[in-house]
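Q:
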Amino acid sequence: MILYLFALHLFVVALGEDRRCQIRYLVDDYCDSDDDSERETLFTYDQESSQCVYAESCSQETRALLFRNMQECISTCHAP
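Throughout the sequence shown, residue numbering follows mature numbering (1 follows the signal peptide of the UniProt record, and there is no 0), covering -16 to -1, 1 to 64 in sequence.
What follows is the structure, given as structure tokens:
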């Protein structure tokens, strides 16, 4: 019974969590280093440091993985 309640709690927490807080975004994994035409500085959550940090996007797809501003990142990911 206790295990069931614990699993239910984890499920509810996972549903409420924004996936942008869980991905590890590294610009080199998503963007071609030669193309600077669409680069834009946005923010991502770094799980190792538990902080929101600057990140570069290079396309509409990568912008969807990032936060528009620091405050949005902090409030969504509950960063200190």
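From the three backbone atoms N, C-alpha and C, an ideal C-beta is built for every residue, glycine too.
Quick caveat: nothing in here was measured; it's all calculated off a predicted structure.
Got a sec, what are the start and stop residues for the alpha helix (DSSP H) C5 sits in?
A: C5 -> no alpha helix (DSSP H), and no H or E assigned at all.
Q: Give every residue of the same chain whose Cβ lies closer than 7 Å to the Cβ of Y38, excluding the five residues on either side of it in the sequence, and list them in chain order.
A: T25 and F27
Q: Might you give, ordered along the chain, the residues of its own chain that have their beta carbon closer than 8 Å to the beta carbon of R52, omitting 5 neighbours on each side?
A: L26 and F27
Q: Please go through the segment 20 to 48 and give each complete beta strand (DSSP E) segment of 3 or more residues, from N-terminal end onward.
A: With a minimum length of 3 residues, the continuous beta strand (DSSP E) runs that stay inside the segment 20 to 48 are 24 to 30 and 35 to 41.
Q: Output the boundary residues of the alpha helix (DSSP H) element that contains C61.
A: M54 to C61
Q: Have a look at S17 and T46 and give me their C-alpha separation to the nearest angstrom.
A: 14 Å
Q: So, is S41 buried or exposed, given that buried needs 16 or more other C-beta atoms within 10 angstroms?
A: By the Cβ neighbour-count rule, S41 is buried, with 16 or more other Cβ atoms within 10 Å of its own.
Q: Just to confirm my understanding: we take C15, look at its own chain, exclude 5 residues before and 5 after, and list those with CB closer than 6 Å. What are they?
A: C42
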